[in-house]
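So the sequence shown is numbered by the working numbering: it starts at -3 and just counts up by one. Just so it is clear, CB atoms sit at the ideal spot from N, CA and C, and this is done for glycine as well. As the structure is a computational prediction, the values presented were derived from the model and not from experiment. Working notes, structure below.
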Amino acid sequence: MLDLVFKNHTTQKVQNENFFKLILDTGIEALQIKDKNVEMSLNLVGEEKIKELNNKYRNKNEVTDVLSFPLLEWDPSPAKRGDKGTLSEESRLKKHDILPLGDIFICLPFAVKEAKRQNISLEKELAWLSVHGFLHLSGYDHEKSSEEKKKMFDLENKILKELKY
């Protein structure tokens, strides 16, 4: 089950919480963690806020498309999580099968510009950014190695294909 805290911090009206919930639920199913009570937030923010976060936490003083802040460090491979997908959570979390993933911040103005640049719908761009951020929260990192990059992008494509994006 997904417990999503969704907030659009911009003045632009876009997809609602249900749009993002469907995307994230599909990701949860793909990672085989649907037996967990997954908790996370997804925030749509402006360029100033994403730049501030990127500078503060990544020492990059620039606007970016999506940032993910995981609460737990874990290995995404099912073989390393054990039979029930147990992660390196505290015993309280294990007992209640709570999986607090963390927070995703998507820069809405960046997404709008990128969708126009690629000549795709804003929905498709937001779906990709949501999946990308979710996979980062889930332990995937395309910056580690070319092998990890391939793994992450293959999974992104699988999830997006299932969503028909």
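task: Provide the residue(s) that pair with Asp(-1) in DSSP beta bridges, ordered along the chain.
output: Paired residue(s): Glu35.
- prompt: Do the CB positions of Gln28 and Leu104 come within less than 9 angstroms of each other?
  reply: Not in contact: Gln28 and Leu104 (Cβ atoms no closer than 9 angstroms).
Residue from Glu144, Leu38, Gly23 and Thr60 whose Cα sits closest to the Cα of Ile100: Across the set Glu144, Leu38, Gly23 and Thr60, the C-alpha of Leu38 shows the shortest separation from the C-alpha of Ile100.
Coarse secondary structure for Lys140, derived from DSSP in three states: Lys140 falls in the coil class under three-state DSSP.
message: Going by beta-carbon coordinates alone, are Leu118 and Asn33 separated by less than 9 angstroms?
response: Against a cut-off of 9 angstroms, the Cβ pair of Asn33 and Leu118 comes out as no contact.
message: Just to confirm the assignment, what range does the beta strand (DSSP E) spanning Ser64 have?
response: Taken as a continuous stretch (DSSP letters only), the beta strand (DSSP E) holding Ser64 covers Val62 to Pro66.
query: What residue range is occupied by the uninterrupted alpha helix (DSSP H) comprising Ile190?
result: Because the chain spans -3 through 161 in this model, residue 190 falls outside it and cannot be assessed.
query: With C-beta atoms as the reference, is Leu133 less than 9 angstroms away from Leu97?
result: Less than 9 angstroms separates the beta-carbon of Leu133 from that of Leu97.
query: Can you give the Cα-Cα distance for Glu43 and Val59, rounded to whole angstroms?
result: Rounded to whole angstroms, the gap between the alpha carbons of Glu43 and Val59 is 6 angstroms.
- prompt: Could you give the C-beta distance for Thr6 and Leu40, rounded to a whole number, given that I count them as a contact under 8 angstroms?
  reply: Cβ-Cβ separation between Thr6 and Leu40: approximately 6 angstroms, consistent with a contact (criterion under 8 angstroms).
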